[in-house]
Ligand code: NCD
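Residue numbers (our numbering): 2 to 317.
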């Protein structure tokens, strides 16, 4: 089992073999997480610090649980409430934490590129838990695991990513991952919510849900990221739901066994109909949450193995 990286900053630097290595190990952790006793010692003795400069419930909880199940000492720091308010720079915060000798640093930050910058200043393994509109690698990996388990493969599938693509790091990481694994990716949404330079992404773009969803194997819905919008991106939520909200009628254009995904948190009645979201025959939204813990366990385990290998080299 080999993983080429010393950090998990994005999907971009990963080789297809790295992706497969994480997913294969995550499958084993799914089995562990379904047992009564959910404990392994892959991270025993290691210290994991979760630094969230942006609100998060599920991602932070998922990383915390992943670390605890593997025996790490886990500390959560809510950075909005702390020294950031007192004017400390990101780099000073990083150096302060670094002096406490963490082994794994999990970072979410509102600015694209902030996590890469931080990784250059510390000695430990850094995991990106979402930086601005840039990347959210563990989300794309948990989505990939969910797809692979539901469809039996992760190649030559047709996947529609729908809605607010422009503001979404989830979309970006998924486009890169699904492309690397040789799938056909379609982006569906209003032109105002498509990122600039979309032609370079190697994807097909649709403005219309009926055309965009036709015969796809996977329908991935995204949250309308209103907190990242500064003006009139959509006419109204009602109008948006009418044209882009996933309901039974729009889903009927997809393949009859297409699965429905959403990274959460979801806005029922805005981008997705509540009944579709709860339909256990189509929706894998709860599986995504389950896979999230397993994928984060796998990623931290692999990075910890590389940390240990490096410190052995230094000792020798
Ligand atoms: C996503 C995020 O933060 O980028 N959510 C998450 O990781 N749980 C998607 C979103 O906020 O819509």
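Quick reminder that beta carbons are idealized off the backbone N, C-alpha and C, glycines included.
These numbers were taken from a predicted model, which means no experiment stands behind them.
Of all residues in the structure, which have a C-beta closer than 6 Å to any heavy atom of the ligand NCD, taken in chain order? For the ligand NCD, the selected residues are 59, 60, 131, 137, 140, 170, 171, 224, 226, 264 and 265.
Task: Cα-Cα separation, residue 148 to residue 292 - done: Looking up residue 148 in the chain shown gives position 147. Looking up residue 292 in the chain shown gives position 291. Straight-line measurement puts the Cα of residue 292 at about 10 Å from the Cα of residue 148.
Exercise. If we call anything under 8 Å between Cβ atoms a contact, is residue 9 one with residue 129?
Worked result: As a first step, residue 9 is located in the chain shown; it is residue number 8 there, counting from the start. As a first step, residue 129 is located in the chain shown; it is residue number 128 there, counting from the start. It is a contact, given that the beta carbons lie within the stated cut-off.
Using 8 Å as the Cβ pair cut-off and three pairs as the minimum, do the region 51-63 and the region 122-136 touch? Touching, yes, given that three or more Cβ pairs across the two stretches are closer than 8 Å.
Quiz prompt | Inter-residue Cα distance where the pair is residue 247 and residue 285 | solution = To locate residue 247, count along the chain shown from 1; it is residue 246. To locate residue 285, count along the chain shown from 1; it is residue 284. Taking the Cα positions, residue 247 is about 14 Å away from residue 285.
Margin query: In this structure, how does DSSP classify residue 246 when only helix, strand and coil are distinguished?
Written below: What you label residue 246 is simply residue 245 of the chain shown in a count that begins at 1. Coil.
inquiry  = Please report the distance separating the alpha-carbon of residue 186 from that of residue 177.
reply    = Taking the chain shown and counting its residues from 1, one reaches residue 186 at position 185. Taking the chain shown and counting its residues from 1, one reaches residue 177 at position 176. Approximately 10 Å between the Cα atoms of the pair.
Take residue 57 and list the residues in its own chain whose beta-carbon comes closer than 8 Å to its own, dropping the five residues that flank it on each side.
For this step, residue 57 is matched to residue 56 along the chain shown. Apart from the 5 residues on each side of it in sequence, residue 57 sits with its Cβ closer than 8 Å to the Cβ of 109, 130 and 131 in its chain, given in chain order.
* **Proximity to residue 105 [Cα-Cα], best of 260, 45 and 40** => By 1-based counting over the chain shown, the position of residue 105 is 104. Of the listed residues, the one whose Cα sits closest to residue 105 is 45.
* Measure how close the beta-carbons of residue 260 and residue 141 come, nearest whole angstrom, since I'm counting them as under 8 Å. => In the chain shown, the residue the question calls residue 260 occupies position 259. In the chain shown, the residue the question calls residue 141 occupies position 140. Distance from residue 260 to residue 141 at the Cβ level is roughly 16 Å; contact not present, criterion being Cβ atoms closer than 8 Å.
Self-check item: Distance, residue 14 Cα to residue 60 Cα
Solution: If you number the chain shown from 1, residue 60 lands on position 59. If you number the chain shown from 1, residue 14 lands on position 13. Using only the alpha carbons, I get a separation of about 22 Å.
Can you list, in chain order, the residues of its chain with a C-beta nearer than 7 Å to that of residue 123? Leave out the 5 residues immediately preceding and following it.
One-based indexing of the chain shown puts residue 123 at position 122. The residues are 95, 99 and 106.
The alpha helix (DSSP H) enclosing residue 223, as first and last residue numbers:
Taking the first residue of the chain shown as 1, we reach residue 223 at position 222. Secondary structure note for residue 223: it is in no alpha helix (DSSP H), with a DSSP letter that is neither H nor E.
For residue 296, which residues in the same chain have their Cβ closer than 7 Å to its Cβ, ignoring the five residues on either side in sequence? Residue numbering aside, residue 296 sits at position 295 when the chain shown is read from its first letter. Excluding sequence positions up to five before and after residue 296, its CB lies within less than 7 Å of the CB of 23, 27, 139, 142, 143 and 146, all in the same chain and listed in chain order.
**Message:** Just to confirm before moving on: does the CB-CB distance between residue 171 and residue 137 stay below 8 Å?
**Reply:** As a first step, residue 171 is located in the chain shown; it is residue number 170 there, counting from the start. As a first step, residue 137 is located in the chain shown; it is residue number 136 there, counting from the start. A Cβ-Cβ contact shorter than 8 Å links residue 171 with residue 137.
Exercise for the section: Say whether the region 112-122 touches the region 63-74, bearing in mind that this needs 3 or more beta-carbon pairs closer than 8 Å, one atom from each stretch. Expected result: No, they do not touch.
| Are the region 235-243 and the region 263-277 touching, with three or more C-beta to C-beta distances below 8 Å? | Here the region 235-243 lies against the region 263-277, with 3 or more beta-carbon pairs under 8 Å apart.
_8 Å contact criterion, which residue 17 and residue 181 should meet: CB distance rounded_ = Within the chain shown, residue 17 is the residue found at index 16, counting from 1. Within the chain shown, residue 181 is the residue found at index 180, counting from 1. The C-beta separation of residue 17 from residue 181 comes to about 5 Å, placing the pair in contact by the 8 Å criterion.
ask   = Looking at C-beta atoms only, is the number of pairs between the region 212-226 and the region 250-260 that lie closer than 8 Å three or more?
value = Yes, the region 212-226 is in contact with the region 250-260.
- Task: State the Cα-Cα distance for the pair residue 73 and residue 159, rounded to the nearest angstrom.
- Result: Taking the first residue of the chain shown as position 1, residue 73 is located at position 72. Taking the first residue of the chain shown as position 1, residue 159 is located at position 158. Straight across, the Cα-Cα distance linking residue 73 with residue 159 is about 38 Å.
With a threshold of 16 other CB atoms inside 10 Å of the CB of residue 174, please say whether the residue is buried or exposed. Along the chain shown, one-based indexing puts residue 174 at 173. By the neighbour-count rule (16 or more Cβ atoms within 10 Å), residue 174 is buried.
Exercise. Which residue or residues does DSSP assign as beta-bridge partners of residue 309?
Worked result: The sequence position of residue 309 within the chain shown is 308, counting from 1. In DSSP, residue 309 forms no bridge with anything.
- Task: Can you tell me the Cβ-Cβ gap for residue 71 and residue 298, rounded? I've got them flagged as a contact below 8 Å.
- Result: In the chain shown, residue 71 corresponds to position 70, counting from 1. In the chain shown, residue 298 corresponds to position 297, counting from 1. Confirmed, Cβ separation roughly 6 Å.
So residue 225 and residue 268 are supposed to be a Cβ contact under 8 Å. How far apart are they, rounded? As a first step, residue 225 must be located in the chain shown, where it is residue number 224. As a first step, residue 268 must be located in the chain shown, where it is residue number 267. Correct: roughly 6 Å between the Cβ atoms.
Per-residue DSSP class, three states only, for residue 180
Position 179 of the chain shown, counted from the first residue, corresponds to residue 180. Secondary structure of residue 180 (DSSP, three-state): helix.
Next item on the list: Go through its chain and collect everything with a Cβ distance to residue 183's Cβ below 7 Å, but skip five positions before and after it.
Entry: By one-based count along the chain shown, residue 183 stands at place 182. Excluding positions up to five away in sequence, the list reads 156 and 157.
Worksheet item: Which value, in whole angstroms, describes the spacing of the CA atoms of residue 48 and residue 205?
Response: Counting from one through the chain shown, the residue named residue 48 turns up at place 47. Counting from one through the chain shown, the residue named residue 205 turns up at place 204. CA-to-CA, the gap between residue 48 and residue 205 works out to about 43 Å.
Beta bridge counterpart(s) of residue 106 as assigned by DSSP
Position 105 of the chain shown holds residue 106. The beta-bridge partner set that DSSP reports for residue 106 consists of 50 and 127.
Exposed or buried, which one is residue 301 when buried takes at least 16 other CB atoms within 10 Å?
For the purposes of this step, residue 301 is identified with residue 300 of the chain shown, where counting begins at 1. The residue is buried, with at least 16 neighbouring Cβ atoms inside 10 Å.
Query - Those residues which DSSP pairs with residue 162 across a bridge - result: Position 161 of the chain shown, counted from the start, is the residue given in the question as residue 162. In the DSSP output, where bridge partners are listed per residue, residue 162 has 188 and 221.
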